[in-house]
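J.: In our numbering, the protein residues as written are 1407 to 1588. Cβ atoms here follow ideal geometry from the backbone N, Cα and C, with glycine treated the same way. Okay, here's the structure, questions in a sec.
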């Protein structure tokens, strides 16, 4: 599915967001009640705080408080990373090229969890205004074009920090929207 429509169109198609722990619908299969357990609700709030600090560019908090020092991160289109330094370098690659990039998490479109795992689905948007260096070293010049796409984080938590993180979005959709074909 392509998501090159404006954000307003995506909002109309987004799965239902409603009032809940972090102002988004959530559930935990263990309760059968439609609302998360106390523990899962806490982890969902931690996930929201991680994305809030990402959006505000408070990377010290984002990395050191919400990620374990040996965090393993899988992100489509990038090599897996292990550890805070490698995760930061991968983040910097995108943030330097798209300085206004943000996760739309207020509210998330969908969020839920079970046990030590959370899933948060929202949107990611930004404008390609600076050169982008790909993992293979190729540098792409900015086009000034914006993108909005779906974005999901699946996180495994231990002691209030992510130890595993799956960052899922469609890099081909982003490339098409910002005017780059590969």
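Looking only at its own chain, which residues have a Cβ that is under 7 Å from the Cβ of residue 1571, when we skip the five neighbours before and after it?
T.: Cβ within range, chain order: 1477, 1479, 1559 and 1561.
J.: Please name the residue in 1473, 1514 and 1508 whose C-alpha comes closest to that of residue 1492.
T.: Of the listed residues, the one whose Cα sits closest to residue 1492 is 1473.
J.: Between 1501, 1513, 1448 and 1556, which has its C-alpha nearest residue 1460's C-alpha?
T.: Nearest option by C-alpha distance: 1501.
J.: Are at least three pairs of beta-carbons, each pair with one atom in the stretch 1496 to 1511 and one in the stretch 1521 to 1539, less than 8 Å apart?
T.: The stretch 1496 to 1511 is in contact with the stretch 1521 to 1539.
J.: For residue 1455, which residues in the same chain have their Cβ closer than 6 Å to its Cβ, ignoring the five residues on either side in sequence?
T.: Nothing meets the Cβ criterion.
J.: When you compare each of 1489, 1463, 1581 and 1462 to residue 1567 by their alpha carbons, which one comes out closest?
T.: The shortest Cα separation from residue 1567 among 1489, 1463, 1581 and 1462 belongs to 1489.
J.: Relative to the C-alpha of residue 1481, which residue among 1497, 1468 and 1469 is closest?
T.: Among 1497, 1468 and 1469, the Cα nearest to that of residue 1481 is on 1497.
J.: Per DSSP, what kind of secondary structure is residue 1498 in: helix, strand or coil?
T.: Helix, per DSSP.
J.: How many Å lie between residue 1443 and residue 1522 at the Cα?
T.: Whole-angstrom Cα-Cα distance: 11 Å.
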